[in-house]
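Reviewing the structure listed below.
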Amino acid sequence: MKKFSIVIAGGGSTYTPGIVMTLLNHLDKFPIRQLKFYDNDGERQKVIADACEVIIREKAPEIKFLATTDPEQGFTDVDFVMAQIRVGKYAMRDKDEKIPLKYGVIGQETCGPGGIAYGLRSIGGVLEILDYMEKYSPNAWMLNYSNPASIVAEATRRLRPNSKILNICDMPVGIQERMAAIVGLKQYNDLEVRYFGLNHFGWWTAIRDKQGNDLMPKLREYVSQHGYLLSDKEEVSTQPSWKATFGMAQNTFALDPERFPNTYLQYYLYTKYEADHMNPDYTRTDEVRDGREKFVFSECRRIAANQSIEGLKFTPDEHSNYIVDLSRAIAYNTHERMLVIIENDGAVSNFEPAAMVEVPCIVGSNGPERLAMGKIPRFQKGFLEQQVAVEKLAVDAWVEHSYLKLWQALTLSHTVPDANVAKKILDDLIVANKEFWPELKKDKKEAEAELSLS
Ligand code: NAD
Ligand code: G6P
Ligand code: MN
């Protein structure tokens, strides 16, 4: 049986130990000969790597392990790149969230102005690691979680059309885990679903069990009363902001009680409510730093100091399970049905063919094949047209170094009240992102001149 070689790009990510745990738990179904971490912040990565080295040594000493900041070392001889980089790290996520809130606008990692700002940082970072992969392991696949997935996907579609990159999201998986619990099933892939939308902007239109039974009536009854919130007992370890998010699904579901909403629609459908309820001095980044980041890094330090996995607290989760399931589908040509972000090209028949949509695909060793989701209703179509334009304008702005396109993108975002507010936020974001964004030109001619010189 072939044994695989994997590199986790963004080895210093808080999600890395979870992926390692899933990989180690699945060695019988997905054998590994080599696992590498790559990150451009060696210090951050080292904390995670020192612990993972101990975990691997104790659980599967036959696996060769290496952590590096050298692209050649990291990307040579790999079958899969599991990418999860955060360009600018939490320090910049903090600004993405807090700058818009200064103007009463949603401050969010992937939605609204914050998501657009993050997009303009991520495009270059993801292209860089994709190019490393193609240079050092041209046959490898990149499974990419790096956000904002929709803007990154549009950029890679346009700028690296032939690359073997699959952009993915764990939110539908997380919601499906909840749906499965509601109907008494075990896990996300016990459900067979139909789904359409953009990343963090989609709806389920059919949910069945593996025998083909319709689960929608039971789910409708439940979600109309509780959203995706489970019982108190099942939610004991859920953070308050995530609880609020799962509860809000009751309200987003009310807008179309036929279809089940992705939780991120709360920011677009209840924009004012959400913005009004965010604390501009303590946003989600603060929660993540005080919660997940602290937990992961302190647990890693403990394991490395003890040189033992006694009392190990890391466990596989839906995020890590999904990326490993997807790798297996490619590795073994399983033709499993999975949600990925892919060029529409008819999957949603009444929607722009060149949009990057999130739809179920059949995944095998040649990648994903989209399933036809048919026509979508006017409410969703109108909303999706607006959002896809925002994402395409953001990529235009990055490619053309265009201030105007980015101003248009922010103005068109449903989260922003008008062009005036958009401009104020944009001007603040430009200053904050100086190190990461291309220098934007206000004059289109000037930008063209610069492009023709580069
Ligand atoms: P994190 O900051 O803990 O980890 C990101 C790592 O990426 C850091 O160690 C950083 O040094 C590294 N990095 C930044 N720029 C890099 C570059 N150019 N090259 C190599 N490494 C680089 O962040 P996190 O909270 O663990 O999240 C990691 C990423 O995964 C984020 O992009 C996040 O949005 C994404 N994510 C996506 C999904 C999804 O549904 N698509 C789910 C969860 C997390
Ligand atoms: C979900 C989404 C990701 C997003 C994450 C944020 O998993 O699918 O795209 O990055 O939530 O979670 P956080 O805990 O970092 O706020
Ligand atoms: Mn996501």
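The numbering used here puts the first residue of the sequence shown at 36, with every later residue one more than the last.
The C-beta atom is built at its ideal place from N, Cα and C for all residues, glycine as well.
On a predicted model such as this, the values are computed, not experimentally measured, just so you know.
- Between the segment 197-212 and the segment 284-300 there are three or more inter-stretch CB-CB distances shorter than 8 Å, so the stretches are counted as touching.
- If you draw a straight line from the Cα of residue 429 to the Cα of residue 475, it is about 12 Å long.
- Ranked by Cα distance from residue 163, the first of 230, 359, 44 and 327 is 44.
- When only Cα atoms are considered, residue 390 and residue 79 end up about 36 Å apart.
- Within a 10 Å sphere around the beta-carbon of residue 119 sit 16 or more other beta-carbons, which makes this residue buried.
- In the DSSP assignment, residue 40 falls within the unbroken beta strand (DSSP E) covering 39-44.
- In terms of Cβ geometry, residue 152 and residue 129 do not form a close pair [threshold 8 Å].
- Counted as a single uninterrupted DSSP element, the stretch harbouring residue 101 is not any alpha helix (DSSP H) but the beta strand (DSSP E) occupying residues 99-103.
- Scanning the segment 223-264 from its first residue to its last, the whole beta strand (DSSP E) runs of 3-plus residues come out as 226-233 and 236-244.
- At a cut-off of 7 Å, the beta-carbon of residue 211 does not count as near the ligand NAD: no heavy atom of the ligand is closer than that.
- Relative to the ligand G6P, the nearest heavy atom lies less than 7 Å away from the CB of residue 204.
- Inclusion of residue 122 in the 7 Å shell around the ligand NAD follows from its C-beta lying nearer than that to a non-hydrogen atom of the ligand.
- When only Cα atoms are considered, residue 354 and residue 53 end up about 8 Å apart.
- Residue pairing by DSSP puts residue 378 in a beta bridge opposite 391.
- For a cut-off of 8 Å, the C-beta gap from residue 106 to residue 167 is around 4 Å, short enough to register as a contact.
- For residue 93, the enclosing alpha helix (DSSP H) starts and ends at 77-94.
- Three or more Cβ pairs closer than 8 Å define a contact, and the segment 356-369 meets that threshold against the segment 56-71.
- In the three-state reduction of the DSSP assignment, residue 202 falls in the strand class, which pools E and B.
- Distance from the CA of residue 101 to the CA of residue 339, rounded to the nearest whole angstrom, comes to 15 Å.
- Three or more Cβ pairs closer than 8 Å define a contact, and the segment 181-192 falls short of that threshold against the segment 208-225.
- Annotation: the continuous alpha helix (DSSP H) that includes residue 440 extends over 438-447.
- The Cβ atoms of residue 426 and residue 232 do not sit closer than 8 Å to each other.
- Short of 8 Å from the beta carbon of residue 97, and not among the five residues preceding or following it, lie these beta carbons of its own chain, in chain order: 68.
- Bridge pairing for residue 50: absent [DSSP].
- Annotation: residue 195 to residue 431 spans about 15 Å, alpha carbon to alpha carbon.
- Counted as a single uninterrupted DSSP element, the stretch harbouring residue 406 is not any beta strand (DSSP E), since DSSP gives it neither H nor E.
- Note that the segment 231-247 does not touch the segment 264-275; fewer than 3 beta-carbon pairs, one per stretch, sit closer than 8 Å.
- Pairwise C-beta distances place the segment 318-334 out of contact with the segment 254-264, as fewer than three of them are shorter than 8 Å.
- Residue 381 and residue 41 have their C-alpha atoms roughly 33 Å apart.
- The Cβ atoms of residue 310 and residue 141 lie closer than 8 Å to each other.
- Per DSSP, reduced to three states, the secondary structure at residue 72 is strand.
- Within 7 Å of the C-beta of residue 182 there is at least one heavy atom belonging to the ligand MN.
- Only residues of its own chain outside the window of five on either side were considered, and among them 151, 425, 428, 429 and 432 have a CB closer than 7 Å to the CB of residue 444, listed in chain order.
- The C-beta separation of residue 110 from residue 73 comes to about 7 Å, placing the pair in contact by the 8 Å criterion.
- Note that the C-beta distance between residue 450 and residue 306 is below 8 Å.
- When DSSP states are grouped into helix, strand and coil, residue 399 belongs to the strand group.
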